[in-house]
């Protein structure tokens, strides 16, 4: 199976500027993410950035990864990936893994898994992503943690920063019931084929995407399918705030 990992990253993040170069146990976060991608068995790993500062850090590693400097006006990571795909002239059926630059705890196994699942599915599936059960009521309430609801075929119905699905009774007890399996935390990684990207960039930015600040909602808005593979007992933290960075650092020091 041939797949490419592209890591879109920008320096001026809205919620946490400069986080791509934040230190995680002695290394910049983008280097931690890049190392996991290189260990996944990908045929190529590309960091897509509009920041020459980030590019210099990547190049100083002298690793097998590549850097592609992109425009600064992209509205989402997927749009940035599209520019890379055009520059590299990837074939329509090339499998691309979109690994977000603020996910240092996504392992090489998870990266390969999301590519393998797409490889095994029909072309009717536009995208594949991952999720894991929520671990606490606090996580369910945290708007920095993206939640996803799926249907009987494990396809996404909706993604939100809000608590979904909602329980009208005692929500804390709900987490201890069998129904809690419906409470899923989205893991920020996707796979799709190059031909999907050519459709994505033609779509207008959806109202839901603008409200939630979640680019995957553009896909659902335009009627495409996102398959969600649920992994049990996976611990993953997106670095969205200085507090989450501290938490990730404590994980790496264990």
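Residue numbers (this note's numbering): 1228 to 1481. Backbone N, C-alpha and C define an ideal beta-carbon position, used for all residues, glycine too.
Buried versus exposed call for residue i [16 or more other C-beta atoms within 10 Å across all chains shown]
i: residue 1277; result: buried
i: residue 1253; result: exposed
i: residue 1237; result: buried
i: residue 1255; result: buried
i: residue 1267; result: buried
i: residue 1434; result: exposed
i: residue 1373; result: buried
Span of the beta strand (DSSP E), counted from its first residue to its last, around residue i
i: residue 1415; result: 1411–1420
i: residue 1381; result: Residue 1381 -> no beta strand (DSSP E), and no H or E assigned at all.
i: residue 1233; result: 1230–1236
i: residue 1213; result: An answer regarding residue 1213 cannot be provided, because it is not within the stretch 1228 to 1481 covered by the chain.
Enclosing alpha helix (DSSP H) for residue i [first to last residue]
i: residue 1474; result: 1469–1479
i: residue 1366; result: 1364–1368
i: residue 1461; result: It is not in any alpha helix (DSSP H) - residue 1461 carries neither H nor E in the DSSP assignment.
i: residue 1351; result: Neither: residue 1351 is in no alpha helix (DSSP H) and is coded neither H nor E.
i: residue 1435; result: 1434–1439
i: residue 1276; result: Segment 1271–1276 is the beta strand (DSSP E) holding residue 1276; no alpha helix (DSSP H) there.
i: residue 1260; result: 1256–1265
i: residue 1444; result: 1444–1448
i: residue 1284; result: 1279–1287
Proximity winner among the options, relative to residue i (alpha-carbon distances)
i: residue 1366; options: 1285, 1471, 1318, 1232; result: 1471
i: residue 1335; options: 1476, 1265, 1320; result: 1265
i: residue 1385; options: 1421, 1451, 1345, 1283; result: 1451
i: residue 1484; options: 1410, 1341, 1447, 1352; result: Residue 1484 is absent from the model: the chain starts at 1228 and stops at 1481.
i: residue 1296; options: 1315, 1289, 1368, 1415; result: 1315
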